[in-house]
Amino acid sequence: MTKRVAMAMSGGVDSSVAAYLLSQDGYEAVGISMVIWPNSRCCNNEAMRDAKDVAEQLAIPFHRFDFVETFQKKVVDNFTESYLQGLTPNPCAICNSDFKFLELFEMAQHKFGVEHVATGHYARVNFSEASGRYELRMALDHNKDQTYMLYGLKQAQLARCIFPVGEMEKPAVRAIARDLGFVVAEKPESQDLCFSEDPQGFLREQLGSRIVPGDIVDLNGHVLGRHEGIVNYTVGQRRGLGIAHAAPLYVIRIDPDNNRVIVGPREATMGTTLVVNNVNWVSIARPDEPIEAEVKIRYKSRAARAIVEALQDEGGHSPDRVLVRFFEPQHAITPGQVAVMYRDDLVLGGGLIAKESGRVAEAACATVA
RNA sequence: UGGGGCGUCGCCAAGUGGUAAGGCACCGGUUUUUGGUAUCGGCAUUCCUAGGUUCGAAUCCUAGCGCCCCAG
Numbered sequence: 016m017t018k019r020v021a022m023a024m025s026g027g028v029d030s031s032v033a034a035y036l037l038s039q040d041g042y043e044a045v046g047i048s049m050v051i052w053p054n055s056r057c058c059n060n061e062a063m064r065d066a067k068d069v070a071e072q073l074a075i076p077f078h079r080f081d082f083v084e085t086f087q088k089k090v091v092d093n094f095t096e097s098y099l100q101g102l103t104p105n106p107c108a109i110c111n112s113d114f115k116f117l118e119l120f121e122m123a124q125h126k127f128g129v130e131h132v133a134t135g136h137y138a139r140v141n142f143s144e145a146s147g148r149y150e151l152r153m154a155l156d157h158n159k160d161q162t163y164m165l166y167g168l169k170q171a172q173l174a175r176c177i178f179p180v181g182e183m184e185k186p187a188v189r190a191i192a193r194d195l196g197f198v199v200a201e202k203p204e205s206q207d208l209c210f211s212e213d214p215q216g217f218l219r220e221q222l223g224s225r226i227v228p229g230d231i232v233d234l235n236g237h238v239l240g241r242h243e244g245i246v247n248y249t250v251g252q253r254r255g256l257g258i259a260h261a262a263p264l265y266v267i268r269i270d271p272d273n274n275r276v277i278v279g280p281r282e283a284t285m286g287t288t289l290v291v292n293n294v295n296w297v298s299i300a301r302p303d304e305p306i307e308a309e310v311k312i313r314y315k316s317r318a319a320r321a322i323v324e325a326l327q328d329e330g331g332h333s334p335d336r337v338l339v340r341f342f343e344p345q346h347a348i349t350p351g352q353v354a355v356m357y358r359d360d361l362v363l364g365g366g367l368i369a370k371e372s373g374r375v376a377e378a379a380c381a382t383v384a
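Last residue of the first sequence: 384 in this note's numbering, with the numbers rising by one and none dropped.
Okay, here's the thing in structure tokens:
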């Protein structure tokens with residue numbers, strides 16, 4: 016009996032080839048496209064048509080479903096509210112853990128009566144007899160690895176995930192697309208927000224008058240300039256400040272309470288500790304003792320060696336907190352961004368970098384020491 | 001209306017007779033699902049204005065305009 020699986024198809028190269036690989040492996044795939052934001056690049060007519068074309072070419076059924084309302088509630092609202100709180104959210108990671116995979120599994124089960132869901136993500140999953148856990152591992156092609164965006168997946172989900180292109184190098188994926196004559200074979204790599212090409216404009220649309228201009232100040236509180244809303248900035252950012260200074264200025268901190276952006280020299284962006292909230296332990300159980308790991312604090316940054324220590328529950332809040340102490344200072348530790356812990360290519364877990372992470376962490380270090 | 005100083009790209013700033021450094025900002029390219037970082041490239045035929053001296057001036061002279069400081 017063939018195994019049936021719901022295949023998420025975006026109209027891109029990766030999910031198209033993934034669909035092909037599934038059929039090669041003897042799966043019976045059902046193509047699904049999720050419409051999450053009208054007219055955005057991820058679900059415009061072209062993307063939908065391409066997905067459908069590929070499905071037809073592979074002779075698999077294809078369905079598209081409207082998720083606009085749910086997406087707004089679970090991803091967009093979180094995205095916009097986070098910015099107002101002075102955080103820099105990572106909507107892609109939130110989308111995967113709080114929206115995409117949840118909805119896909121529900122759909123696979125209820126609409127198609129199947130247990131498994133496949134996507135075009137670059138990641139690998141295996142089951143470890145030793146630990147009794149499903150393990151999430153970096154893709155074979157480290158350049159394309161997307162495990163950073165998948166840190167939120169739970170055991171029950173990993174058990175049912177299939178990532179067909181996780182074992183492949185990107186050039187090979189493209190080669191297959193070409194050989195098969197897929198219309199999407201030469202599509203450029205997707206990048207940036209999928210639901211908007213103009214995040215600033217998007218935030219303005221969504222938040223309107225809740226975006227308020229304010230001061231840009233230096234580390235001593237001296238006003239250096241004005242900003243058009245704290246939502247337009249992220250920690251570590253250099254461009255867009257519009258302030259002429261002796262040396263380049265970087266965003267050091269965002270202060271939502273006073274509606275201020277604090278800037279300073281590059282040295283001031285460096286930090287060695289952070290606290291991670293809402294940690295999801297992926298491939299291992301929550302460790303009782305401090306462990307060494309490589310921690311990645313930004314999608315495009317390199318993981319760096321650190322000591323990771325689970326923190327005590329504080330008053331019933333955020334029971335899954337972790338203190339990360341890097342061996343070397345890191346640039347732009349940004350509240351709201353995702354921190355993912357690795358050991359080699361194994362994803363140990365991840366979570367969201369806490370507000371005022373530096374200070375809290377310093378204090379925690381002091382008590383630890 | 002006595003004295004002194006200054007006026008070079010959006011900001012800061014080299015350059016004091018030989019044909020406009022640099023930094024910041026800004027713009028554009030590259031860059032792996034977050035507006036990050038990084039990196040590469042662009043960015044004053046012109047030096048407050050008008051005359052003059054000179055083969056040649058942002059640099060010298062004259063006048064004007066505009067700032068700043070001190071003393072009134």
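The beta-carbon is built from N, C-alpha and C at its ideal position, and this holds for glycine as well. Quantities reported herein were computed from a predicted structural model and do not represent experimental measurements.
- Task: Can you have a look at N235 and say buried or exposed, based on whether 16 or more other CB atoms are within 10 angstroms of its CB?
- Result: Label assigned to N235: exposed.
Compute the beta-carbon to beta-carbon distance between G365 and N295, rounded to the nearest angstrom, for a pair I have assumed lies under 8 Å. Their Cβ separation, rounded to whole angstroms, is 6 Å, which keeps G365 and N295 in contact under 8 Å.
Margin query: DSSP three-state label for L117, please.
Written below: Residue state, collapsed to three classes: helix.
TODO: Go ahead and pull the three-state DSSP assignment for S316.
DONE: In the three-state DSSP reduction, S316 falls in the coil class, being neither helix nor strand.
* Backbone CA spacing between M356 and D29 [nearest angstrom] -> Near 25 Å, if we compare the C-alpha coordinates of D29 and M356.
| query | Between the region 33–48 and the region 68–80, do at least 3 Cβ pairs fall closer than 8 Å? | reply | The region 68–80 and the region 33–48 touch, with three or more beta-carbon pairs separated by less than 8 Å.
query = Between the beta-carbon of A138 and the beta-carbon of L117, is there less than 9 Å?
reply = Against a cut-off of 9 Å, the Cβ pair of L117 and A138 comes out as no contact.
Where does the unbroken alpha helix (DSSP H) through M63 begin, and where does it stop?
M63 -> alpha helix (DSSP H) spans N60 to Q72.
Could you check whether V297 and V278 sit closer than 9 Å to each other, using their CB atoms as the reference points? Taking 9 Å as the Cβ cut-off, V278 and V297 do not qualify as a contacting pair.
Taking just the CA atoms, how far does V353 sit from I109?
-> Taking the CA atoms as reference points, I109 sits about 9 Å from V353.
>> Can you check which of these residues, K18, D233, Y42 and K115, is closest to D270 by C-alpha distance?
In response: The residue with the shortest Cα to Cα distance from D270 is D233.
### Query
At a cut of 8 Å, does the region 177–195 reach the region 26–42 through at least three beta carbon pairs?
Look at the beta carbons and you see the region 177–195 touching the region 26–42: at least three pairs across the two are nearer than 8 Å.
**Asked** Taking the C-alpha atoms as reference points, what is the distance between I306 and L367?
**Response** If I take the Cα positions, the gap works out to 19 Å.
Between the region 61–73 and the region 223–230, are three or more C-beta pairs nearer than 8 Å?
-> No contact exists between the region 61–73 and the region 223–230.
**Item:** Endpoints, beta strand (DSSP E) assigned at T287
**Value:** Annotation for T287: the continuous beta strand (DSSP E) segment containing it runs M285 to W296.
Helix, strand or coil for A23, going by three-state DSSP, please let me know. If DSSP states are grouped into helix, strand and coil, A23 belongs with the strands.
Within a Cβ cutoff of 6 Å, which residues of the same chain sit near E130, ignoring the five residues on either side of it in sequence? R175, listed in sequence order.
Discussion item. With a threshold of 8 Å, are at least 3 pairs of Cβ atoms found where one atom belongs to the region 209–220 and the other to the region 181–188?
Written reply: Between the region 209–220 and the region 181–188 there are fewer than three C-beta pairs closer than 8 Å, too few to call the two in contact.
Q: With DSSP collapsed to three states, give me the class of R56.
A: R56: coil per DSSP, three-state reduction.
Query raised in the report: Which one or two residues does DSSP pair with Q345 in a beta bridge?
Result: In the DSSP assignment, Q345 forms a beta bridge with G286.
### Query
At which residue ranges does the region 90–168 contain complete beta strand (DSSP E) runs of 3 or more residues, listed in the order of the chain?
Runs found: 131–133, 138–143 and 148–153.
Point to revise | Assigned secondary structure, V227 (DSSP; H/G/I helix, E/B strand, else coil) | key: The answer is coil: DSSP assigns V227 none of H, G, I, E or B.
How long is the line joining the alpha carbons of F127 and A21, rounded to whole angstroms?
Spanning the two alpha carbons is a distance of roughly 8 Å.
Nearest residue (CA-CA) to V337, options T288, Y314 and R358:
The shortest C-alpha separation from V337 is found at T288.
Please classify F142 as buried or exposed, where buried requires at least 16 other C-beta atoms within 10 Å of its C-beta. By the neighbour-count criterion, in which a residue is buried when 16 or more other Cβ atoms sit within 10 angstroms of its Cβ, F142 is exposed.
* To do: Could you give the DSSP three-state label for D270: helix, strand or coil?
  => If DSSP states are grouped into helix, strand and coil, D270 belongs with the strands.
Tell me whether A354 sits in a helix, a strand or coil according to DSSP, three-state version. Strand at A354.
Quiz item: Since Y265 sits in a beta bridge, which residues does DSSP pair it with?
Solution: Note: Y265 sits in a beta bridge opposite G279.
Using the Cβ count rule (16 or more neighbours within 10 Å means buried), how would you classify N105? It is buried - the Cβ of N105 has at least 16 other Cβ atoms within 10 Å.
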